[in-house]
Structure formats: C-alpha cells, structure tokens
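Residue numbers (the numbering used here): 318 to 779. Just so you know, even glycine gets a beta-carbon here, dropped at the ideal spot from N, CA and C.
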Amino acid sequence: MRARLFLILVVTTGVVWLSAVVWIYGSTKSEVERVLDARLMEAANMVSSLMTERGVGLADRAETSMSKVMQPASYERQLACQIWSFEGNLLSKTEGTPSDELTAQRTGFSDTVVNGETWRVYAVENKDSGIRVLVGDTRRIRANLVGDLIKGLLLPLLLIMPILAGLIWLSVKGGLAPLNRLATALGTRSAADLSALTDDKSTSEMTPVFNALNGLFKRVADARERERNFTTFAAHELRTPLAGLKTQAQVALASNDPQIRERALEQIAVGVNRTGRLVRQLLDLASVDAEERETSQGKVNPGDALAMLRGEFLAHSGQNTQVLITEALRGVALGINPDLFSIAARNLLENALLHSPPGGIVRCDLDIDAEWVTVVIDDCGPGIPETELAHVTEPFFRGRNKSAVGSGLGLSIAQLALAHAGARLVLRNRGEGGLSARIVLPRETMALAVDPGATRHTRSPA
318 MRARLFLILV VTTGVVWLSA VVWIYGSTKS EVERVLDARL MEAANMVSSL
368 MTERGVGLAD RAETSMSKVM QPASYERQLA CQIWSFEGNL LSKTEGTPSD
418 ELTAQRTGFS DTVVNGETWR VYAVENKDSG IRVLVGDTRR IRANLVGDLI
468 KGLLLPLLLI MPILAGLIWL SVKGGLAPLN RLATALGTRS AADLSALTDD
518 KSTSEMTPVF NALNGLFKRV ADARERERNF TTFAAHELRT PLAGLKTQAQ
568 VALASNDPQI RERALEQIAV GVNRTGRLVR QLLDLASVDA EERETSQGKV
618 NPGDALAMLR GEFLAHSGQN TQVLITEALR GVALGINPDL FSIAARNLLE
668 NALLHSPPGG IVRCDLDIDA EWVTVVIDDC GPGIPETELA HVTEPFFRGR
718 NKSAVGSGLG LSIAQLALAH AGARLVLRNR GEGGLSARIV LPRETMALAV
768 DPGATRHTRS PA
C-alpha cells in the first residue's frame, strides 16, 4: 500500500509537471513568435525612418541607421538587416547577413529559404528615399529561444524530482504511521483479548476505524458471552431431566411390581416430553440469536398462524384447555418476518397453555389504535408477580409461578425473535387474573383493513 501510494503520487506529480511544460511550450512558442515579429517590424520601421534624415548620404545613412538600431543585446546581434534600392542594388547590410536578398516580397512578413536556412523577414518600403529595408532572423534562432525556456523548466524538474520523491516517501510513511501502529497492535493481540483499542487521536481519519473495530470487538465479546451462558445454562437444565430419566429407567428395570413399573414409565414419558421441549427451545434460541438484525419482511395472517399452532399443541399435549381465536385476527395481514413471528407466537401460546389450569381458556385477539396493532394472547393462569415482570424475559429465569415442565426460555425466545423482526413484546397481568402477552407492531405494518366492530380497541400497549 505504501509503495503503491508513493508510486501514484510520484507519477501524478511528474505527469502534472510534464503537462504544464507542454502547455507552456505551446503558449510560449506562439507568444515568442508574436513578440519577435513585433521586434522585426519595429527594427525595420526604425531603420526606414532614420534613412530620411537630412544631410547624410544614402550609403552613410544606411550604415548610421543600422548602427543605431542594432543595439548590443543578445537577440539584436542575431538580427539581419539589408537595405536595397528600388533598382535592385544592395546598399548596405549588417555583419554576417547573407548578400542574397532575404525576401522578394515588397512589404510585410514572409518566410524564405536563403542558403539552405529558413528566415522570417519583414520588409518595408521607403518611397521618399527609394529604398527597401529588410529585417529578419532565422527560425533556428527562434527555436533556440523557446528551447532555452523549456530547458529552464525541465532542468529544475530533473534536479528537484529526486528531492520531491524523497519528501513524498517521507510524507506517505508518516501518513501511514497510525495504520502501521494499529496493525502492530492487532498483530500482537491474543485471540481472547477483545478489549477496546485506544485511539491515539493522531489523525481524524483513523477514528472511524477505531470505532468500527471496537464495535466489532464488543459484538464478538457479547456473542461469546451469550454462547458461554447458553452452554452453561443448557448443560444445567439438561442435567436434571436426564438424571430423572435415568433414575426412572433404573426403577422400571429393578421393580417387579407392574404398578411401580407403569408409574416409572409414565415419569419417563413426561421427562422425555420436557427434555424434547427444552431441546427445541434451545435450538430456537440459538437460531434467533444468530439472526441478523435486518431480516426479510413478509406477510403473516396471525389468525391462521395461531390456529395451526393450536392444532399442534392440543394434538400432542392432550390438554382440555380451550384456545379461542377471534375472527379479527383472520382479517388482517401483518408485515413481519413469518419465521420469527411463528417462533414468538409458538412460545407465547405454549407458555399460556402451560400456565392455564385444565379446562381454562386461552384467548387470542387483536387490538388496534391510531399507532399500533397488537396481537394479544391472554391466559387464565396465576400471572407473574409484579416484582418478577422485569426479569421473566431473561434466559432460564423461572419465577415463583413456574410450571412443572417449563425451562424459563419461552418468553426470552419470544422477545428476542420479535426484537429481530422489528416488533416488541409487552407483558402485563390481567385484572381478572392471568397474563396478557402482546405482540406489538406499528400500525403501518397492517396490510388489510378490518371491521372496527370486530376488534376491541384499547389504549397504546406500551
């Protein structure tokens, strides 16, 4: 990364510099041409004007004019000047100027080749003196002027580029130093160290990286803690029913009394049911806990879902508890993840059946107000002591009114599943006795309209 960034910066700097040189070369060349043409015109016009002075012979005036115009500057020394009569005689020329006529054009600018070299010439006629003044320079001289300017730009580049490359390397190295320190800190960490990284605040750009890594460490630490607790609680909860199954099996094998053996087998069946329920709940808890926060949404008819769960429970439990599902629940479709809703509803309905007395009634209904739509599951059991309401959704918490086959996971699984689905669980004791478990969703998740008379409206369930 450091080498790639260094190479990018060096190449980019070089390209920018060379592009500037190319642009300057083009603009400077045209500007130099314009300025030098103006100098040729100025020199020719000055020589022509000086030739009209009085009291000087034609040849003398020519020599005098050229000596006055051609100042001892570097460029002027390379100008060539000729004075020709209208009859075609060369009257005078500067030193080093060819004897051949620089241009046949009478006036103005022209490009000509004299003795194999290209000249840029300006001609002016002085009709009062009967002469033509020709002033020119070679294209080679002009190219040398532009070339000297470009060399003045390229030479610093060649000299400064190594220094610039060194400065860029040091800058890149210094800029990536916080990243190197972070890599070193992560490389020396043990797998068990999930503590937060300390941000040295050296660069503001590194702060989001530290925040993201610390957030990741916290999520991993929380996941490890949940797994550790899950393993510990699961081992503890499974130990008791398995030990009971073993004891009852030993009693059934050791006894010759049919009644004792039958009672032992009945206890084994109860233990198997409890263990199977516990294993299923543990799998549900692991599945829900592994779900991402953002889950896919779908459409659920709560009446149909609860009716299917009712059939499963009553077919296997043999209880004579009634489960009443109002028609209002069948008249809506809720926007919620179907799998998560099913997990939550199954645990809430099972919890209601376990805590309701034989012959009791579990009522499933729908509440709607201006903001919320609520699926209500009311039982007729003992309810939950007010001091325990804040703790009953903790995994493996079993209060004073626990059932014989409960494991303390149902409400915890329901709350976790609903939280992942964008809903929430509200628990409250009923005035007439029993617990009311409510699945609360925003009103906009209700897709189908219902007859207001078919539902009972309450205040906000929060």
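CA-to-CA distance, residue j to residue i, given in whole angstroms
i      : j      : result
CYS681 : THR592 : 27 Å
GLY453 : LEU367 : 18 Å
LEU599 : ALA622 : 22 Å
ALA337 : LEU484 : 21 Å
THR691 : ALA736 : 15 Å
VAL693 : ALA508 : 46 Å
VAL589 : LEU562 : 8 Å
ARG319 : PRO759 : 51 Å
ILE477 : THR520 : 29 Å
ALA669 : ALA731 : 13 Å
ALA624 : ALA560 : 36 Å
SER365 : GLY447 : 10 Å
ALA569 : ASP696 : 37 Å
ASP354 : ASN362 : 12 Å
LEU646 : GLY676 : 23 Å
ARG784 : GLY331 : Nothing about residue 784 can be reported from this structure: the residues present for the chain run from 318 to 779 only.
THR505 : ALA540 : 23 Å
PHE630 : ALA571 : 34 Å
ASN406 : LEU470 : 46 Å
GLU404 : ALA360 : 23 Å
LEU481 : SER488 : 10 Å
LEU462 : GLU350 : 10 Å
Buried versus exposed call for residue i [16 or more other C-beta atoms within 10 Å across all chains shown]
i      : result
TRP401 : buried
ALA376 : At ALA376, the pLDDT of 47 sits below 50, so the modelled position is not reliable and the matter cannot be decided from this model.
HIS672 : buried
THR329 : exposed
GLU667 : buried
GLN565 : buried
GLY343 : exposed
PRO712 : buried
ASN443 : buried
GLY413 : exposed
ARG321 : exposed
Where residue i falls: helix, strand or coil (DSSP)
i      : result
LYS796 : Examination of residue 796 is not possible in this model, given that the chain is present from 318 through 779 alone.
GLY727 : helix
GLU442 : strand
PHE403 : coil
LEU511 : coil
GLY676 : coil
GLU418 : coil
SER753 : strand
ASN618 : coil
ALA379 : In this prediction, ALA379 has a pLDDT of 49, which is less than 50 and means its spatial position is unreliable; what the coordinates show is noted afterwards. If DSSP states are grouped into helix, strand and coil, ALA379 belongs with the helices.
ILE325 : helix
VAL649 : coil
ALA662 : helix
ASN362 : helix
ARG745 : strand
ASP428 : strand
ILE701 : coil
THR345 : helix
GLY433 : coil
GLY453 : strand
MET763 : strand
THR520 : coil
Cβ neighbours of residue i in the same chain (closer than 7 Å, five flanking residues each side left out)
i      : result
VAL431 : PRO415, ASP417, LEU419
ARG745 : SER753
ARG663 : LEU626
ALA734 : VAL605, LEU657, ILE660, ALA661
GLY750 : CYS697, GLY700
VAL537 : LEU511
ASN531 : ALA513, LEU514
PHE323 : ILE485, TRP486, VAL489
Residues near residue i in its chain [Cβ-Cβ closer than 6 Å; skip 5 each side]
i      : result
VAL640 : ARG627, VAL679
ASP465 : none
PRO575 : none
THR762 : LEU651, GLY652
Contact set for residue i: own chain, Cβ-Cβ below 8 Å, skip 5 residues either direction
i      : result
GLY615 : GLY652, ILE653, ASN654, PRO655
TRP436 : ALA397, LEU419, THR420, ASP428, THR429, VAL430, GLY453, ASP454, THR455, ARG456
ARG747 : ASP695, GLY700, SER753
Whole-Å CB distance - residue i paired with residue j, under 8 Å assumed
i      : j      : result
VAL450 : VAL438 : Between VAL438 and VAL450 the Cβ distance is about 11 Å, and since that is not below 8 Å, they are no contact.
LEU474 : TRP334 : 5 Å
VAL617 : ALA650 : 7 Å
THR411 : ALA397 : 6 Å
THR710 : LEU728 : 5 Å
VAL526 : LEU503 : That belief does not hold up - the Cβ atoms of VAL526 and LEU503 are roughly 11 Å apart, past 8 Å.
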